[in-house]
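Asker: Take 168 as the starting number for the sequence shown in my numbering and just add one per residue.
Mind looking over this structure? Questions follow.
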Amino acid sequence: IGTLTNNSGGVQGGISNGEAIHFRVAFKPPATISLPQETIDFSGKPVTLTAKGRHDPCVVPRAVPIVESMAALVLVDMVLRQEARKAVQFKED
């Protein structure tokens with residue numbers, strides 16, 4: 168038994184609806200570009216900008232473990248919150 172579609176990604180109102188949990192991730196592009204860039208300064212003179220220091224041309228190798236870790240943390244947080252609610256209910260009874 169299940170829903171016809173899983174448009175909510177498996178979570179409705181912060182509660183799992185029993186379907187597979189799906190989510191999307193977006194990353195901003197790296198702030199530095201390794202190629203020299205032509206621009207102008209405040210007085211209108213042409214200037215070439217070059218990246219200095221350490222910069223990452225691609226964040227994908229680091230992105231995968233970060234997304235996996237954050238997804239695991241969020242799921243464990245949801246489980247712990249549910250267990251805390253159960254404990255409070257049990258204490259009140």
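We put the CB at the ideal spot given by N, CA and C, even for glycine.
Please read all numbers here as calculations on a predicted model, not as lab measurements.
In terms of alpha-carbon separation, which member of 191, 198, 168, 203 lies closest to residue 185?
Answerer: Against the sequence shown, residue 185 aligns to sequence position 18. The option with the nearest alpha carbon to residue 185 is 168.
Asker: Does DSSP classify residue 205 as helix, strand or coil?
Answerer: Locating residue 205 in the sequence shown gives position 38, where the first residue counts as 1. In this structure, residue 205 counts as strand in the three-state DSSP scheme.
Asker: Taking C-beta to C-beta, are residue 224 and residue 201 nearer than 9 Å?
Answerer: For the purposes of this step, residue 224 is taken as residue 57 along the sequence shown, with counting starting at 1. For the purposes of this step, residue 201 is taken as residue 34 along the sequence shown, with counting starting at 1. A contact, by the Cβ cut-off of 9 Å.
Asker: Could you check the C-alpha separation between residue 189 and residue 215 for me, to the nearest Å?
Answerer: Against the sequence shown, residue 189 aligns to sequence position 22. Against the sequence shown, residue 215 aligns to sequence position 48. Between residue 189 and residue 215, the C-alpha separation is close to 44 Å.
Asker: When the Cα of residue 182 is compared with those of 172, 203, 248, 254, which residue comes out closest?
Answerer: To locate residue 182, count along the sequence shown from 1; it is residue 15. Checked all of 172, 203, 248, 254; the closest Cα to residue 182 is 248.
Asker: Based on the DSSP secondary-structure assignment, which residues constitute the bridge partners of residue 196?
Answerer: Counting from one through the sequence shown, the residue named residue 196 turns up at place 29. Looking at the DSSP assignment, residue 196 forms no beta bridge with any residue, so it has no partner.
Asker: So if DSSP puts residue 240 in a beta bridge, which residue, or which two residues, is it bridged to?
Answerer: Here residue 240 refers to the residue found at position 73 when the sequence shown is read from its first residue. According to DSSP, residue 240 bridges with nothing at all.
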